[in-house]
Amino acid sequence: MFLEPGFKSQRSGWIEVICGSMFSGKTEELIRRLKRARFASQKVQIFKPTEDTRYDERQVVSHDDNALMSTPIMFSSQILEVQGGIEVVGIDEAQFFDRDLPKHAQTLCMRGIRVIIAGLDMDYKGQPFGPVPDLLAVAEYITKVHAICPHCGNLATHSYRLTHDDETIVLGEKDKYEPRCRACFSMGQILKFPD
Ligand code: ZN
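In terms of my numbering, the sequence shown opens at residue 696 and continues consecutively.
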């Protein structure tokens, strides 16, 4: 389990990235860390892309309905408009943001802010997704979380799309995606559950 370094001895903030496939518990882990910060009386603000409206416009909600209020934004530069006195910034669904997110996250660090970012590391083709690879490069701390492959029970790293849409971004849940390990992901459509 990730344990936070103390703020007081730090000369700047830092970046934590929580990445993994769909259904791996990224948002739950983000919420867990943000709630711990709040319990410690640290001021927290959460951003998420306006693109992600699967559950709720304002809340960061995980699959198990844990929720925190968030500020929906369209461009990564809008994280710089963080409210005064904020010590911890959470960012969910980072893969949907533009490529400048790492730059702006680092600017927040130099203001002394701890930045915790959750996002998909790979898209449905198994390719690195949006700004997440660059965030991994500049982060102080990286946590890769895994789902479980429903076909073989091994750790799942990939998000397999069950439908035939071929855009990079297709919002959906268990009706459209399932987590798979590398081997089952590579088998594609051959692997299907009987109806
Ligand atoms: Zn598998």
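We treat Cβ as the ideally placed atom computed from N, Cα and C, and that holds for glycine.
- Residue 859 is positioned such that its CB atom lies no closer than 8 Å to that of residue 886.
- If you check the CB distance, residue 854 and residue 815 come in under 8 Å.
- In this structure, 875 is the residue among 812, 875, 867 with its C-alpha nearest to the C-alpha of residue 841.
- Taken through DSSP and simplified to helix, strand or coil, residue 736 comes out as coil.
- The beta carbon of residue 711 lies closer than 8 Å to those of 697, 728, 809, 810, 811, 812, 834, 835, 836, 837, 838 in the same chain, with the five residues before and after it left out.
- Here residue 776 is exposed: its Cβ has fewer than 16 other Cβ atoms, across all protein chains shown, within 10 Å.
- A Cβ-Cβ contact shorter than 8 Å links residue 742 with residue 768.
- Leaving aside the five residues that flank residue 863 on each side, the residues in its chain whose CB is nearer than 6 Å to its CB run, in chain order, 818.
- In terms of Cβ geometry, residue 716 and residue 804 do not form a close pair [threshold 8 Å].
- Under the three-state reduction of DSSP output, residue 874 falls in the strand class.
- In this structure, DSSP gives residue 854 an extended state, which the three-state scheme calls strand.
- The C-alpha of residue 714 is placed about 20 Å away from the C-alpha of residue 879.
- In the structure shown, residue 834 adopts coil according to DSSP, grouped into three states.
- Proximity of the beta carbon of residue 856 to ligand 1 is not indicated: no heavy atom of the ligand is located closer than 7 Å.
- Scanning its chain for C-beta atoms nearer than 6 Å, with the 5 sequence neighbours on each side dropped, one finds around residue 782 the residues 737, 738, in chain order.
- Relative to the Cα of residue 789, the nearest Cα in the group 778, 779, 774 belongs to 774.
- Going by beta carbons, residue 843 and residue 832 fall outside the 8 Å limit.
- CA-CA distance, residue 866 to residue 699, rounds to 32 Å.
- Proximity of the beta carbon of residue 875 to ligand 1 is indicated: a heavy atom of the ligand is located closer than 7 Å.
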